[in-house]
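Data first, discussion second: the structure below is written as structure tokens.
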Amino acid sequence: MTVLSLSEALNKFGNSLASRGKSVNTIVAYKGDINQLIGFLSSKCSITTLDGVSAGSVESFKKDLSDNGYTAKSVSRKLNSIKNFFSFLRSEGLVTIDPSSEIKHPKYENEAPKILKPIEYRSLRDACRNDIRATAIVELMLQAGLRIKEIENLKLEQVSENEIVIESYESHSERIVPLNNSAKQALKRYITDVRGESKGKNVFITKTGRVLLSRNIRSLLNRYFNKADIKGIKVNDLRNTFIVYQLKSGVPIDVVSQVVGHKRISTTEKYLELIDNKEESRGIKLREL
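This note's numbering applies: residue 1144 is where the sequence shown begins, and numbers increase by one.
Listed below in structure tokens is the structure:
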């Protein structure tokens, strides 16, 4: 049996997905998850070929995800991609044993979102005040409800004076997200003063000009959560906070649902349980936090 590199195996898997009519977004999502596994195996385990992958190394990757702040739900989704990857390889005779077959999905419940109190998100702002890039990311999540993956994927061409366009990806449709003054100023300051004329299409980049990946964003914000001494909060809770405060301010639920990109309004309705009292309606204007 020819020993394939993990990258070669991923290319075969991607071609198979395409031949079966899977959407571009689905293929990108699968490849992103598998590439994350490949990166871990290469850097942490010195494994670059299929024959080096064991159940233990896959289990180590699963643990590494949890240790780096990924929710059980996110870990389970990535593990599902990995299981599909190795199932394909085995069906093609490229591996004799599926190292992921005995790896169990983490148990998780749909916990109620955690919402930052005003004193907490103000403390977070203070903590990252001198980090212009982190401030822009915080404001886009807290003031516009963006997902962490949308921060990673955001391109310069999607940004205009008063709004940004979130392109369709995975199962999410394209949508327009309005920017309030705080978000506009933070984003403009980052692009002008920090990012500058660096090559590349993505808005958020590293010091070397590479795309700032979701895991880097998560690590960055977790550092400032700790600095601000905010306990029990995950990165996505910035987005959750945006949703709850808009609903509490009386913004119509269908408007909030559209802005944050929920596929079903029932998803947005679940946040109503977190609201003790709704403030007097202020029309469709989004609240600035």
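Ideal Cβ placement from N, Cα and C applies to all residues, glycine included.
Predicted model only: the values in this text are computed from it and were never measured.
Between the C-alpha atoms of residue i and residue j, what's the straight-line distance to the nearest angstrom?
| i | j | result |
| --- | --- | --- |
| Leu1267 | Ala1287 | 16 Å |
| Thr1411 | Ser1341 | 38 Å |
| Arg1318 | Gly1195 | 43 Å |
| Glu1423 | Pro1395 | Model confidence at Glu1423 stands at a pLDDT of 45, short of 50, so the residue's coordinates are unreliable; what they give is reported in the following sentence. Rounded to whole angstroms, Glu1423 to Pro1395 spans 12 Å at the Cα level. |
| Ser1166 | Ser1311 | 12 Å |
| Phe1156 | Leu1429 | 44 Å |
| Ala1161 | Glu1235 | 16 Å |
| Arg1332 | Leu1299 | 14 Å |
| Lys1247 | Lys1406 | 29 Å |
| Arg1163 | Arg1338 | 40 Å |
| Asn1223 | Ala1172 | 11 Å |
| Ser1362 | Tyr1213 | 10 Å |
| Asn1154 | Ile1240 | 20 Å |
| Lys1377 | Ser1197 | 31 Å |
| Lys1221 | Asn1211 | 14 Å |
| Gln1301 | Gly1343 | 13 Å |
| Lys1260 | His1315 | 29 Å |
| Ile1258 | Asn1383 | 6 Å |
| Thr1335 | Gly1393 | 34 Å |
| Ser1325 | Gly1199 | 47 Å |
| Asn1379 | Ile1190 | 32 Å |
Would you mind reading off the limits of the beta strand (DSSP E) that contains residue i?
| i | result |
| --- | --- |
| Ile1418 | Counting along the chain, Ile1418 falls outside any beta strand (DSSP E), and DSSP gives it neither H nor E. |
| Pro1318 | Note on identity: in this sequence residue 1318 is Arg, with Pro being the wrong assignment. Here the beta strand (DSSP E) through Arg1318 covers Arg1318 to Pro1321. |
Can you tell me whether DSSP reads residue i as helix, strand or coil?
| i | result |
| --- | --- |
| Glu1306 | strand |
| Ser1217 | helix |
| Ile1275 | helix |
| Ser1244 | coil |
| Ser1311 | coil |
| Ser1166 | coil |
| Ile1258 | coil |
| Ser1341 | coil |
| Ile1348 | strand |
| Ser1224 | helix |
| Val1403 | helix |
| Val1354 | strand |
| Ser1189 | coil |
Apart from the five residues on each side of it in sequence, which residues of its chain come closer than 7 Å, Cβ to Cβ, to residue i?
| i | result |
| --- | --- |
| Ala1270 | Tyr1367, Lys1370 and Ala1371 |
| Ala1329 | Thr1278, Ala1279 and Glu1282 |
| Ser1400 | Ile1408 and Thr1411 |
| Leu1355 | Glu1295, Phe1347, Ile1348 and Thr1349 |
| Ser1159 | Phe1231 |
Grab me the residues of residue i's own chain with a C-beta within less than 6 Å of its C-beta, minus the 5 sequence neighbours each way, in chain order.
| i | result |
| --- | --- |
| Ser1243 | Val1201, Ile1225, Lys1226 and Phe1229 |
| Leu1381 | Met1284 and Leu1285 |
| Val1204 | With the sequence shown as reference, residue 1204 is identified as Phe, and Val is not the correct amino acid for it. The residues are Leu1180 and Phe1183. |
| Val1308 | Gln1301 and Ile1319 |
| Asn1365 | Gly1212 |
On the DSSP letters alone, give me the boundaries of the alpha helix (DSSP H) that residue i sits inside.
| i | result |
| --- | --- |
| Lys1206 | Ala1198 to Asp1210 |
| Ile1376 | From DSSP, Ile1376 is part of no alpha helix (DSSP H); its letter is neither H nor E. |
| Lys1391 | Asp1380 to Lys1391 |
| Gln1301 | No alpha helix (DSSP H) contains Gln1301, which DSSP labels as neither H nor E. |
| Asp1336 | Taken as a continuous stretch (DSSP letters only), Asp1336 belongs to no alpha helix (DSSP H), as it is neither H nor E. |
| Thr1410 | Ile1408 to Glu1412 |
| Arg1332 | Asn1324 to Arg1332 |
| Ile1291 | Ile1291 to Asn1296 |
In chain order, what residues of the same chain lie with their CB nearer than 8 Å to the CB of residue i, ignoring the 5 residues before and after it?
| i | result |
| --- | --- |
| Asn1305 | Pro1321, Leu1322 and Lys1327 |
| Leu1433 | Because the chain spans 1144 through 1432 in this model, residue 1433 falls outside it and cannot be assessed. |
| Phe1385 | Met1284, Leu1285, Gln1286, Ala1287, Gly1288, Val1403 and Leu1432 |
| Asp1207 | Phe1183 and Lys1187 |
| Ser1209 | Ala1215, Val1218 and Pro1249 |
| Leu1390 | Ile1396, Val1399, Thr1411, Tyr1414, Leu1415, Ile1418 and Lys1421 |
| Ala1255 | Glu1416 and Leu1417 |
| Arg1272 | Thr1278 |
| Gly1375 | Lys1257 |
| Asn1359 | Thr1349 |
Can you say whether residue i is buried or exposed, counting buried as having 16 or more other CB atoms within 10 angstroms of its CB?
| i | result |
| --- | --- |
| Ser1357 | buried |
| Arg1276 | buried |
| Ile1373 | buried |
| Glu1313 | exposed |
| Asp1176 | buried |
| Arg1290 | buried |
| Glu1093 | As shown, the chain starts at 1144 and ends at 1432. That puts residue 1093 outside it, with no answer to give. |
| Tyr1388 | buried |
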